[in-house]
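Numbering (my numbering), first residue to last: 10 to 259. Built from N, CA and C at the ideal position, the CB exists for glycine as well. Being a predicted model, the structure only gives us computed values, none of them experimental.
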């Protein structure tokens with residue numbers, strides 16, 4: 010319920026005209042396309058390709074969202090000319106669509122390792138394995154009651170997809186209401202207080218070239234994480250930028 014409330018507050022989700030949310034109702038392809046566009050803070054009115062789906066006319070309530078999701082390669086038609094907006098989606102399909110909004114590398118070996126941690130990981134369809142693993146790595150199943158199962162071929166409900174999306178939004182920094190220690194007041198940015206924390210071992214890909222013969226103490230560098238990491242209770246997805254400073258080791 011908390012995930013649904015948070016997403017509703019941020020206008021990512023909407024209920025039905027009768028005032029009900031219907032969390033146990035199966036989510037449709039049109040609803041999911043709308044959720045991911047809004048959830049990843051995309052502008053549904055910009056840079057959209059012209060839809061050729063006969064079953065999604067310009068008058069369809071989700072036309073702009075489906076168009077944007079298709080432009081971002083997060084969704085595709087059932088056929089070249091049809092989208093099937095009212096069809097339900099499986100949990101594998103939902104996780105795959107959500108994973109396409111995350112810029113994070115995933116290969117088959119790593120996907121197999123992640124999925125092997127679940128009792129039904131072998132039931133994930135071959136075409137979805139890497140995307141499902143990427144979604145899991147980025148917090149999609151973090152709030153699942155039963156952490157042993159993915160249930161990849163079950164139809165996804167509105168409540169389940171809400172929890173999946175919110176987990177990934179938090180991991181990826183898309184939740185606009187997330188508070189940080191840095192605040193902006195009157196055009197000035199300040200940090201409330203400096204806090205010493207312990208950072209676990211990081212697996213990084215260096216963006217800057219560091220050479221022991223030419224680097225100086227105090228110089229800054231940037232790197233990209235190659236796996237999800239949690240620091241001080243906050244989870245950062247793989248692909249996050251890490252900035253550091255060269256220090257002298259004694």
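Count the other CB atoms within 10 Å of the CB of residue 246; is the residue buried (16 or more) or exposed (fewer)?
Within the chain shown, numbered from 1, the residue matching residue 246 stands at position 237. Residue burial annotation: residue 246 is buried, with at least 16 other C-beta atoms found within 10 angstroms of its C-beta.
Looking at the unbroken alpha helix (DSSP H) that takes in residue 140, where does it start and where does it end?
Numbered from 1 along the chain shown, position 131 holds the residue referred to as residue 140. Element bounds for residue 140: 138 to 146.
Of the residues 43, 183, 17, the one placed nearest residue 95, counting alpha carbons only:
Position 86 of the chain shown, counted from the first residue, corresponds to residue 95. When only C-alpha atoms are compared, the closest one is 43.
With distances taken Cα to Cα, identify the nearest neighbour of residue 151 among 137, 130, 180.
Translated into the one-based positions of the chain shown, residue 151 becomes position 142. Taking only the C-alpha atoms, the option nearest residue 151 is 180.
Determine the closest residue to residue 239 out of 87, 164, 173, 148, with distance taken between C-alpha atoms.
Residue mapping note: residue 239 aligns to position 230 of the chain shown, counting from 1. Minimum Cα distance to residue 239 is reached at 148.
When the Cα of residue 101 is compared with those of 165, 157, 125, which residue comes out closest?
Here residue 101 refers to the residue found at position 92 when the chain shown is read from its first residue. Residue 165 is the option with its Cα nearest to residue 101.
Can you have a look at residue 203 and say buried or exposed, based on whether 16 or more other CB atoms are within 10 angstroms of its CB?
The residue given as residue 203 occupies position 194 in the chain shown. No answer about residue 203 holds up, because its pLDDT of 35 lies below 50 and its placement is not dependable.
Measure the beta-carbon distance from residue 141 to residue 104 and round it to whole angstroms, keeping in mind my assumption that it falls under 8 angstroms.
Translated into positions along the chain shown, residue 141 becomes position 132. Translated into positions along the chain shown, residue 104 becomes position 95. So it is a contact: roughly 5 angstroms between Cβ atoms.
Should residue 154 be listed as close to the ligand ADP, given that the test is whether its C-beta is under 7 angstroms from any heavy atom?
As for the ligand ADP, it is missing from this structure, which has no ligand bound.
Could you spell out the range, first to last residue, of the alpha helix (DSSP H) harbouring residue 156?
By one-based count along the chain shown, residue 156 stands at place 147. That residue, residue 156, is in no alpha helix (DSSP H); it is neither H nor E in DSSP.
For residue 69, collect the residues of the same chain with a Cβ closer than 8 angstroms to its Cβ; drop the 5 residues on either side in sequence, then sort them by chain order.
The residue given as residue 69 occupies position 60 in the chain shown. Around residue 69, the same chain offers 39, 75, 94 as residues with beta carbons nearer than 8 angstroms, after the five sequence neighbours per side are excluded.
Identify which residue in 54, 130, 66, 182 has its Cα closest to the Cα of residue 110.
What you label residue 110 is simply residue 101 of the chain shown in a count that begins at 1. The candidate whose alpha carbon is nearest that of residue 110 is 182.
Return the CA-CA distance between residue 176 and residue 146, expressed in angstroms with no decimal places.
Taking the chain shown and counting its residues from 1, one reaches residue 176 at position 167. Taking the chain shown and counting its residues from 1, one reaches residue 146 at position 137. About 10 angstroms.
Could you name the residues of the same chain whose beta carbon sits closer than 8 angstroms to that of residue 59, not counting the 5 residues immediately before and after it, in chain order?
Taking the chain shown and counting its residues from 1, one reaches residue 59 at position 50. Same-chain partners within the cutoff: 76.
State the DSSP-derived secondary structure class of residue 97, mapped to helix, strand or coil.
What you label residue 97 is simply residue 88 of the chain shown in a count that begins at 1. In the structure shown, residue 97 sits in a strand (DSSP, three-state: E or B).
Output the distance between the C-alpha atoms of residue 174 and residue 48, rounded to the nearest integer angstrom.
Within the chain shown, the letter at position 165 stands for residue 174. Within the chain shown, the letter at position 39 stands for residue 48. When rounded, the distance between both Cα atoms is 7 angstroms.
Are residue 34 and residue 167 closer than 8 angstroms when you measure CB to CB?
Reading the chain shown from its first residue, position 25 is the one you call residue 34. Reading the chain shown from its first residue, position 158 is the one you call residue 167. In this structure, residue 167 lies closer than 8 angstroms to residue 34 by Cβ.
Is it buried or exposed, residue 161, if we count other Cβ atoms within 10 angstroms and call 16 or more buried?
Translated into the one-based positions of the chain shown, residue 161 becomes position 152. So residue 161 counts as buried.
I'd like the list of long-range same chain contacts for residue 122, defined as Cβ closer than 6 angstroms, with 5 residues on each side in sequence excluded.
On the chain shown, residue 122 is found 113 positions in, with the first residue counted as 1. Nothing listed; no residue qualifies.
Which class does residue 220 belong to by DSSP, given the choice of helix, strand or coil?
Here residue 220 refers to the residue found at position 211 of the chain shown. Note that residue 220 has pLDDT 46, beneath the 50 cutoff, so the model's placement of it is unreliable and no number is given.
Can you name the residues that DSSP bridges to residue 164?
Mapped onto the chain shown, residue 164 falls at position 155. The partner list for residue 164 (beta bridge, DSSP) reads 99.
If I measure Cβ to Cβ from residue 25 and keep anything under 8 angstroms in the same chain, skipping five residues before and after, which residues do I get?
Position 16 of the chain shown, counted from the start, is the residue given in the question as residue 25. 31.
Classification of residue 178 by the beta-carbon crowding that lies within 10 angstroms, buried from 16 upward
For this step, residue 178 is matched to residue 169 along the chain shown. When all chains shown are included, residue 178 counts as buried.
What does the alpha-carbon distance come out to for the pair residue 23 and residue 159?
On the chain shown, position 14 is the one that residue 23 refers to. On the chain shown, position 150 is the one that residue 159 refers to. Cα to Cα, the separation comes out at about 26 angstroms.
Considering residue 121, what are the terminal residues of the alpha helix (DSSP H) in which it resides?
As a first step, residue 121 must be located in the chain shown, where it is residue number 112. Where residue 121 is concerned, the enclosing alpha helix (DSSP H) stretches over 117 to 124.
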